[in-house]
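Please read the structure below before turning to the comments.
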């Protein structure tokens, strides 16, 4: 495995020979004299390392130490993310004078055509056909006003000033009324008042109702006098 360093960049090639060279260098079989820039040799085995011991493959763990799988954090003066340089002067500049944003004038925009006004004018001028209408629109182009376009400006909603938007909060539960059975008493009073009102209505209805008397009802109230027959007497006692 050759490691050719060209201009600060390492290009790894043959993997077998580099692995052998790296492992033996970690075990101490290779001396510093046998490892030189561009070539390492040991026991008749020649291979290109392309880098000294300090430039050996990083995937090989150190002797007697576990493989490192973490990265060192930068120092305390390192700023993560985008660093913004304060060039506004800071607090003294803000206290000294206030930079206010100047209002930008609205860009002029082309208003829509007022077809109602143009059609009304064409009818008043005596035009009837579609071609005459088109010619009238080309001759007299009427645009909508900015105030007419906004319905909110023409008719703002009539809302009281103390109105609360959204859903109102639920009132608190009246625990004292529940414990004193206040709702039961109120309901019973309402039922009594309803019964009394119904009785009064019935009395009024019966008073207003007219009773029609018939012959039968009159005869029942005042029966005709019954003519009583005299008692029977014997003929020879009638003159007595």
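Numbering (my numbering), first residue to last: 27 to 266.
For each residue, glycine too, the CB sits at the ideal point set by N, CA and C.
All of these numbers come straight from a predicted model, not from anything done at the bench.
Check                                                                                                                : Outcome
Unbroken alpha helix (DSSP H) run spanning residue 248, endpoints                                                    : Taken as a continuous stretch (DSSP letters only), residue 248 belongs to no alpha helix (DSSP H), as it is neither H nor E.
Outcome for residue 148 when other beta-carbon atoms lying within 10 angstroms are tallied against a minimum of 16   : buried
Counterpart residues of residue 208 in DSSP-defined beta bridges                                                     : None; residue 208 has no bridge partner.
Meets three-Cβ-pair contact criterion under 8 Å: the segment 154 to 174 and the segment 127 to 143                   : yes
Beta-ladder partner(s) of residue 169, from DSSP                                                                     : 139
Element boundaries [alpha helix (DSSP H), containing residue 200]                                                    : That residue, residue 200, is in no alpha helix (DSSP H); it is neither H nor E in DSSP.
Distance between residue 98 and residue 51 (C-alpha atoms, nearest Å)                                                : For residue 51, the predicted model reports a pLDDT of 46, less than 50, meaning its position is unreliable; a value from the coordinates is still stated below. Between residue 51 and residue 98, the C-alpha separation is close to 25 Å.
Own chain partners of residue 158 with C-beta closer than 8 Å, once the 5 adjacent residues on each side are dropped : 148
Residue 122: first and last residue of the uninterrupted alpha helix (DSSP H) it sits in                             : 116 to 122
Euclidean distance between Cα positions of residue 193 and residue 212                                               : 29 Å
Short Cβ contact (8 Å threshold) for residue 144 with residue 163                                                    : yes
Rounded separation between residue 205 and residue 199 - CA only                                                     : 11 Å
Rounded straight-line distance, which links the Cα of residue 251 to that of residue 258                             : 21 Å
Inter-residue Cα distance where the pair is residue 216 and residue 244                                              : 45 Å
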